[in-house]
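Under the numbering used here, the first residue of the sequence shown carries the number 2, and numbering increases by one thereafter.
Quick reminder that beta carbons are idealized off the backbone N, C-alpha and C, glycines included.
The structure appears below as structure tokens.
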Amino acid sequence: MKKNLLSVAVKGALGITAAAIMVPSMPAFAQEDAEMVEEVVVTGSRIKRADLDSPSPVTVLDREDMKVSGLTDVGDLIQSMPSMSGSPIGTTTNNGGNGSVEIDLRGLGVDRTLTLVNGRRTVDGGDYQTIPSAMVERVEILKDGASATYGADAVAGVVNIITRKDFEGVELEIQNADFFDMDAGQQDSVSIVVGQQFDKGNFVFGAEYVTQEEAFQSDAPWDFFQNSYFIYPSSAIGCEDNVTTCYPLGSSRIPEGRLNIGGDNYINTGNGLVADDNRLYNYAPINYIQTPYERFNFFVEGSAEIADDVRFFTEVRANNRSSAQQLAPMPYDSRPGFDPAYSGFYDFNGDGALESYNGIHQDNYYLSNALSEAGLDNQPASAVRRRVVEADRRFEQEVQQIQGVFGFEGTFNDYDWQISYNRGYRSRTDIDMGQFVGANLAYALGPSADLDGDGTPECYSDINDSSTLIEGCVPLNLVGGAGTITDEMLDYVGTNLTDHYVDTQEVLDFSVSGDGFELPAGTMGWAVGGGYWAQTRTYSPDSGKATGAVTGGTGLGADGSLYNTNLFAEVLVPAYDNGTQSVDVKGGLRYDSYNRFGSDTTWQIGVDVQLIDTVKLRATTGTVFRAPTLEDLFDGQFDSSPTAQDPCATTPLPAGCAQASVQDDTQLPGTIGGNTELQPETGDTFTAGVVWTPSFGDSGDLSVTLDYWKTEIEDGISSYGVQYILDQCYIAQDDSYCALVTRTNSYAIENVLNVDQNVAEQGASGIDFETRYTLDTEIGQWEASLLWTHLLERTKTAYPGAEEENLEGRYTDPTAEDGGAYAENKINYSLSWYWNELSVSYRGEYISALDADVSYVDHIQKIDAQLYHDLVASYDFSNGTSVSGGITNLTDEEPPYIDVGFNASTDPATYRLFGRGYYLRLNHKF
2 MKKNLLSVAV KGALGITAAA IMVPSMPAFA QEDAEMVEEV VVTGSRIKRA DLDSPSPVTV
62 LDREDMKVSG LTDVGDLIQS MPSMSGSPIG TTTNNGGNGS VEIDLRGLGV DRTLTLVNGR
122 RTVDGGDYQT IPSAMVERVE ILKDGASATY GADAVAGVVN IITRKDFEGV ELEIQNADFF
182 DMDAGQQDSV SIVVGQQFDK GNFVFGAEYV TQEEAFQSDA PWDFFQNSYF IYPSSAIGCE
242 DNVTTCYPLG SSRIPEGRLN IGGDNYINTG NGLVADDNRL YNYAPINYIQ TPYERFNFFV
302 EGSAEIADDV RFFTEVRANN RSSAQQLAPM PYDSRPGFDP AYSGFYDFNG DGALESYNGI
362 HQDNYYLSNA LSEAGLDNQP ASAVRRRVVE ADRRFEQEVQ QIQGVFGFEG TFNDYDWQIS
422 YNRGYRSRTD IDMGQFVGAN LAYALGPSAD LDGDGTPECY SDINDSSTLI EGCVPLNLVG
482 GAGTITDEML DYVGTNLTDH YVDTQEVLDF SVSGDGFELP AGTMGWAVGG GYWAQTRTYS
542 PDSGKATGAV TGGTGLGADG SLYNTNLFAE VLVPAYDNGT QSVDVKGGLR YDSYNRFGSD
602 TTWQIGVDVQ LIDTVKLRAT TGTVFRAPTL EDLFDGQFDS SPTAQDPCAT TPLPAGCAQA
662 SVQDDTQLPG TIGGNTELQP ETGDTFTAGV VWTPSFGDSG DLSVTLDYWK TEIEDGISSY
722 GVQYILDQCY IAQDDSYCAL VTRTNSYAIE NVLNVDQNVA EQGASGIDFE TRYTLDTEIG
782 QWEASLLWTH LLERTKTAYP GAEEENLEGR YTDPTAEDGG AYAENKINYS LSWYWNELSV
842 SYRGEYISAL DADVSYVDHI QKIDAQLYHD LVASYDFSNG TSVSGGITNL TDEEPPYIDV
902 GFNASTDPAT YRLFGRGYYL RLNHKF
């Protein structure tokens, strides 16, 4: 159970704890042990150092910390750490997920956290499904802006995955994880790692296979998973004591259909058309709450000395993943701006004036029969909304990714140098199932009749002329109620849509480092270098989406490229050293030039002050910037259905409205997506802290760190929001915003263009506290540890002139910009015991209470604080076999109900969803 020498030295020298899981580690090194560590590069600098001190706060997760969690997704483990916030997607994100696992350092957005593998960029930009846990030696988390070292993206900080380069032997591992109160959701993994050290080189090979079973909301034991509840006053279902109640609101797209005929709505409950009774559809139970996936990861690393002081190295990683999400069946909506239908003109008022509509033709066989039976006038359904429960709505992804690094490193005249080439390719194919073809819908909802008398209607251009038969067309019954859409109808109008994404990356990197001038306090260290970074993206949507000829999110494809050349320099100056007190100053400067938006220069200055042997002060200040991602620039523009209020559908009518509008749904048609005119974000960061490592002789080892941090961002990439655009156009009467709004002939909103802009300001500040105490006794080794992040401030100004929002301590709609959970306090703590080959560890995870927005009433929902308990144990046998297992969420805490929670009315990124669980792992080393 002894830990890796470098990992322990890193923790001891930086005065940090072991992160979220905090498994017991060996006592802190004595001075002679620290001197055994060769010079290495710690995340956040290019300068090699032996003492590993850094003015920037760094937290380290080592391999044992990860194994004890029972998680095979490294990203899920990192996101549970106190320094993480927000609500990024993961494999429990069904609506809005894509099978990826992302992290959000400081809650500033996933695109502002840089992910590296061995200090190098990944083509996926931070999808932790591509990083197998079997290859990870440790994770270094730099909780400070690092644009001066790494360039774009390193705004909130850096997560650097360090792989198992020094592994020797063969290791086999299998694991099973499941939940006690669930009949679904099991996860299984198997991995193998093989390594060999040679006189002049080494190689490591590994492979990992992981499967995760799907789980529906109906599989979980929580009541609110079973219905689509919302907080609303004056209802019968209790939700919050003495405040308000929960109401099963559901969706207006119902299996019985909802037809607007002559200005009134009708539904069919199975006995013909009747007046709408305002019933709603419970979409909750048949949504996934854990999405299935199957992934295979392969990696190989090696190095060889090819000449004196010259070494060749290579790293190759490959990933193949199949994943899926499943939502409630297709909510079809024929209103303008939503889904295709039959489009025509009709004299609704009987005065000879024809009006356009998007719905069902008056001569449609099923509509005309239903109207006749109900005694209604023969006219088209001017709007049709129906939940197509006869077909599943499913989204599948196939991801293939490969990344290769090839390089040389060595020494020349006491200078260390390195040059590397990093090439990555990622392909993702998305398949949307349960969608409909617009042209076929137009035919199937057009005129139809049973002219041949066989009891089955056919499609015609004119039901009075049998020669106008539309071959192959099957009339669609949207007015017969649930179960009346047959397989033949679905085969005709249904389709699977296929989208393709291809991303590539090329990075050429060169650096030289060494010692400079001899100063009275020591030797100056320095590093210089430069590089070239090229990215390309191609998004090719299904042709039906590109032409707007299908249901679902339609939009155009896009492709583009982004190229960067850069130069950087770092210096480390020992400014003062009297043998007891010392002052080191670090400076960094970086120049980046992009093909799309010019150049930028960033800098950082840090200071490290050793006051006495046991107390050190540290601080950094600098600038950061984030270039727009390829997704920001070239993700195409596609349909959305945001919730907003049309000002022209209110009373009194605003002065900017040409006439009154009618809005019969809370959702409006909109367009979102990439914007090729985006510019980089800029910002400033500051950290200041103290490290205390007192000596207690033989009574134990203690390390304590306390750091204040602050990040501010200007020109943030965000969107105005549909409501703001509408208000600026019709209330403020700003014509530039009116240009983003399109209306139909009847003045109903047809579309609102709401793409990303450089309009927001972001800010975050807080305090990190970390401590660890290790004690050797006659009955074994004990270790207690604690990580605590207190979020002082998380602010956002959505656009120029808007009021500053305070997000700390709040939960906001996660589908909105910067929505999600921002707990003021997150704490991870543990108490661990080692005795011979047995280890036992208890850990706790605390998330403070939140104030949450509410959808349909002016009210703030109180979300209680959550405290999770885990108990884990491991035993090593003498033959190389070890067995470990754990009980997670020991007290069976249920996830909190959140009114605006987008997935299962909770937050899958923050809370545990399935109650008490377990994992078992078997490991054997040869």
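(message) In this structure, how does DSSP classify Glu257 when only helix, strand and coil are distinguished?
(response) coil
(request) Determine, using beta carbons only, whether Gly558 and Ala547 come nearer to each other than 7 angstroms. (result) yes
(request) Please say whether Ile718 and Leu679 have beta carbons closer to each other than 7 angstroms? (result) yes
(request) Pick out whichever of Lys711, Thr566, Ile486 and Tyr294 has its Cα sitting closest to the Cα of Ser600. (result) Thr566
(message) Just to confirm my understanding: we take Asn212, look at its own chain, exclude 5 residues before and 5 after, and list those with CB closer than 6 angstroms. What are they?
(response) The sequence shown places Thr at residue 212, not Asn. Result list for Thr212: Asp189 and Glu295, in chain order.
(message) On the criterion of 16 or more Cβ atoms from any shown chain inside 10 Å, does Asp908 qualify as buried, or is it exposed?
(response) buried
(message) Under 8 angstroms, with one C-beta from each stretch per pair, do the stretch 293-310 and the stretch 901-919 reach the 3-pair mark?
(response) no
(message) Could you pull the DSSP bridge partners for Tyr289 from this structure?
(response) Phe217
(request) State the DSSP-derived secondary structure class of Leu631, mapped to helix, strand or coil. (result) helix
(message) Here's the rule I'm using: 16 or more other beta-carbon atoms within 10 Å means buried, otherwise exposed. How should Lys617 be labelled?
(response) buried
(message) By the DSSP assignment, the beta strand (DSSP E) with Glu751 in it spans what residues?
(response) Ile750 to Leu754
(message) Can you give me the C-alpha to C-alpha distance between Val692 and Thr683, rounded to a whole angstrom?
(response) 30 angstroms
(request) Determine the direct distance from the alpha carbon of Leu446 to that of Glu751, and round the result to whole angstroms. (result) 21 angstroms
(request) Along the alpha helix (DSSP H) that carries Asp105, what are the first and last residues, could you check? (result) Where Asp105 is concerned, there is no enclosing alpha helix (DSSP H), given that its DSSP letter is neither H nor E.
(request) Per DSSP, which residues does Leu868 bridge with? Please list them. (result) Tyr847
(request) Identify every residue that forms a DSSP beta bridge with Val75. (result) In DSSP, Val75 forms no bridge with anything.
(request) Express the C-alpha separation of Gly767 and Asn177 in angstroms, rounding to a whole number. (result) 38 angstroms
(request) Put Ser544 into one of helix, strand or coil per three-state DSSP. (result) helix
(request) Tell me, to the nearest whole angstrom, how far the beta carbon of Asn320 is from that of Val400; I am working on the premise that it is less than 8 angstroms. (result) 7 angstroms
(request) Can you grab the Cα-Cα spacing for the pair Pro670 / Leu808, in whole Å? (result) 28 angstroms
(request) Give a yes or no on whether the minimum CB-CB distance between Glu818 and chain B is below 7 angstroms. (result) Protein chain content of the structure displayed is limited to a single chain, and chain B is not contained in it.
(request) Would you kindly work out how many angstroms separate the C-alpha atoms of Ala35 and Ser704, rounded to a whole number? (result) Reliability of the predicted coordinates at Ala35 is poor, the pLDDT of 37 falling under 50, and the value obtained from them is presented with this limitation in mind. Going by the C-alpha atoms only, they are around 16 angstroms apart.
(message) Rounded to the nearest angstrom, what separates Gly202 and Gly408 at their Cα positions?
(response) 14 angstroms
(request) Return helix, strand or coil for Asn435, following the three-state DSSP convention. (result) A small fix is needed here, since residue 435 is Gly in this sequence, not Asn. If DSSP states are grouped into helix, strand and coil, Gly435 belongs with the strands.
(request) Rounded to whole angstroms, what's the CA-CA distance from Thr630 to Phe225? Just pull it up for me. (result) 37 angstroms
(message) So, under 8 angstroms CB-CB, Asp431 and Gln398 are touching, yes? Tell me the CB distance rounded to an integer number of Å.
(response) 5 angstroms
(request) Could you round the C-beta distance between Ser885 and Arg844 to whole angstroms and report it? I think they count as a contact, below 8 angstroms. (result) Going by Cβ atoms, the distance from Ser885 to Arg844 rounds to 14 angstroms, so no, they are not a contact pair.
(request) Tell whether a beta-carbon distance below 7 angstroms holds between Ile361 and Val385. (result) yes
(request) Below 8 angstroms CB to CB, which residues in the same chain sit around Gln198 once its five sequence neighbours on both sides are set aside? (result) Asp167 and Glu169
(message) According to DSSP, is Thr131 part of a helix, a strand, or is it coil?
(response) helix
(request) For Glu648, name the three-state secondary structure that DSSP assigns. (result) A small fix is needed here, since residue 648 is Pro in this sequence, not Glu. Note: Pro648 maps to helix in three-state DSSP.
(message) Is it buried or exposed, Tyr358, if we count other Cβ atoms within 10 angstroms and call 16 or more buried?
(response) buried
(request) Return yes when the Cβ of Met490 is within less than 7 angstroms of the Cβ of Leu470, no when it is not. (result) no
(request) Report the rounded CA-to-CA distance for Ser252 versus Thr487, giving the unit in angstroms. (result) 23 angstroms
(request) Please state if the CB of Tyr333 and the CB of Arg395 are separated by a distance shorter than 7 angstroms. (result) no
(request) Report buried or exposed for Thr116, applying the criterion of at least 16 other Cβ atoms within 10 angstroms of its Cβ. (result) buried
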